[in-house]
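Have a look at the structure below, then the notes.
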Amino acid sequence: MEVPNIAACAACRHQRRRCSEECPLARWFPPFDPQRFWRVNKLFGLKNVLRMIEENPGNVEGLMRSLVYEAEARERDPVRGACGVVQTLEQQADQLRTELKLAKEKLKSIQSSTEGECSKLEASPSHCPR
Ligand SMILES: [Zn+2]
Numbered sequence: 001m002e003v004p005n006i007a008a009c010a011a012c013r014h015q016r017r018r019c020s021e022e023c024p025l026a027r028w029f030p031p032f033d034p035q036r037f038w039r040v041n042k043l044f045g046l047k048n049v050l051r052m053i054e055e056n057p058g059n060v061e062g063l064m065r066s067l068v069y070e071a072e073a074r075e076r077d078p079v080r081g082a083c084g085v086v087q088t089l090e091q092q093a094d095q096l097r098t099e100l101k102l103a104k105e106k107l108k109s110i111q112s113s114t115e116g117e118c119s120k121l122e123a124s125p126s127h128c129p130r
């Protein structure tokens, strides 16, 4: 029987091992993107990644997405990593909450000023802007 010619995933290539269809890392570390493996290996270490996969068989997808994301974030921001992304998003959310609060106050102010005008136009309420 002929063995299918499968390109070794980046993790197996790094270990100089033959990759198989059952390789738990092949999906996450394709041969055409070795940098992804290098980043995760540098931050977590291959043995730890394999141990975490074994310890979390029910959520390998979530685990691997998290490890890859964290490794990429750590490369972009070596000091804050993914925490930096969270902090930036929290700052943006705070800024948007402040803008929303101001917009609501402005809307309330406009509504209360037009209510006075509407009460004058009680005879023809269709002219009310609301
Ligand atoms: Zn592999």
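Just so it is clear: in the sequence shown, position 30 is 30 by UniProt numbering, and no numbers are missing.
Even for Gly, the Cβ is constructed at its ideal location relative to N, Cα and C.
Exercise for the section: On a CA-only basis, which of Glu70, Glu90, Met64, Phe37 is nearest Ala82? Give me that one, please. Expected result: Cα-wise, what sits closest to Ala82 is Glu70.
Practice task
May I ask whether a heavy atom of ligand 1 can be found less than 7 Å away from the beta carbon of Cys83?
Solution key: No.
Practice task
Report yes if the C-beta of Leu67 is less than 7 Å from at least one heavy atom of ligand 1; otherwise report no.
Solution key: No - ligand 1 has no heavy atom lying nearer than 7 Å to the Cβ of Leu67.
Practice task
Could you check the C-alpha separation between Cys12 and Ala73 for me, to the nearest Å?
Solution key: The alpha-carbon of Cys12 is positioned some 24 Å away from that of Ala73.
Practice task
Reducing DSSP to helix, strand and coil, say where Trp28 ends up.
Solution key: Trp28 falls in the coil class under three-state DSSP.
Problem - Leu67 beta carbon less than 8 Å from that of Val40 - result: For the 8 Å CB-CB criterion, Val40 and Leu67 form a contact.
Practice task
Could you check what DSSP says for Val49 in three-state terms: helix, strand or coil?
Solution key: Val49 falls in the helix class under three-state DSSP.
Problem - CA-to-CA distance, Lys47 to Arg17, given in whole angstroms - result: For the pair Arg17 and Lys47, the Cα-to-Cα distance works out to about 15 Å.
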